[in-house]
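Report on the structure given below.
In the working numbering, the protein residues as written are -2 to 307.
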């Protein structure tokens, strides 16, 4: 989700690229290619799962609610998309992640694409409460990180295939939203570590508990959500650096102000529109897919995206 008021100050220059309107023109995947999409019983996650299935990818649709997830898969199969299966997964629950990982390893063994889409916000568009900050961090940052780390050994990496992780993020988590110089400097550091990122998240939660969060330079719009995406973007960069040259691409994608339940169905475009772009980014040819980058969508008419450093 992306607020209309959000702006971005990207590293200069930020090249714009148009995505091919037909990703099948440079198809590298097969019916054996496996993708996991989290938080996919509705919204952008559901639309990404649908689009990937339409393109011939085998999709594991996950959701924390078994009934809703099952109905989502039934809806897709009713459209002739039989390559989609459901598995229950609550990314905010380490036990659920462990159970899902064991099931996936036993059932599929090899993973090609992971779309970390599951996320929560407890604010309306014009609200900014941090009452549920811990739950937001647990779902939006710690959950994707823990799931990713659990699945890393299962990614298929070869000379002809590149494993892909696409973290659905937001420009609200851009570094220019931070007004605390020391925190910003830490997150910009080339030596940034996962421990550093978790330290920033812990510091934010401490400021929330002490009631100092408004005066400590944290993002001013949807503060807890923004900090969670700030941490996810930083983790994207650290993980991409760790696996650079080792057959794994790790990127973040801001889908823009999208019509979903999180935005109370307000937005500039539909979840299907956003998913079309996200799926194309995840399915870029092996020789063209970058790593450690932040994509943000700027044009629905030509599917242009801005590609910038995290």
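From the three backbone atoms N, C-alpha and C, an ideal C-beta is built for every residue, glycine too.
Three or more beta-carbon pairs drawn from the segment 214 to 232 and the segment 170 to 179 are found closer than 8 Å, and the two stretches are therefore classed as touching. With respect to the 7 Å criterion, residue 250 and residue 201 are not classified as neighbours on the basis of their beta carbons. Collapsing the DSSP output to three states places residue 58 in a strand. Between residue 100 and residue 282 a beta carbon distance of about 31 Å is seen, past the 8 Å cut, so the two are scored as non-contacting. Residue environment analysis places residue 55 among the buried positions, since at least 16 neighbouring C-beta atoms fall within 10 angstroms of its C-beta. With contacts defined as CB atoms closer than 7 Å, residue 119 and residue 129 qualify as a contacting pair. Following the DSSP letters along the chain, one finds residue 144 inside the alpha helix (DSSP H) bounded by residues 140 to 148.
Bounds of the beta strand (DSSP E) holding residue 162 are 160 to 165.
Relative to the Cα of residue 125, the nearest Cα in the group 273, 192, 218 and 206 belongs to 218.
At the C-beta level, residue 112 and residue 34 come within 7 Å of one another. At the C-beta level, residue 214 and residue 177 come within 7 Å of one another. In this chain, the alpha helix (DSSP H) harbouring residue 194 covers 191 to 207.
Note on geometry: alpha-carbon atoms of residue 183 and residue 22 lie some 42 Å from one another. Residue 38 places its beta carbon 7 Å or farther from that of residue 77. Between residue 29 and residue 41, the alpha-carbon positions lie close to 23 Å from each other.
Across the set 85, 152 and 221, the C-alpha of 152 shows the shortest separation from the C-alpha of residue 247. Non-local C-beta neighbours of residue 238 in its own chain, meaning closer than 8 Å and more than five positions away in sequence, comprise 289, ordered along the chain.
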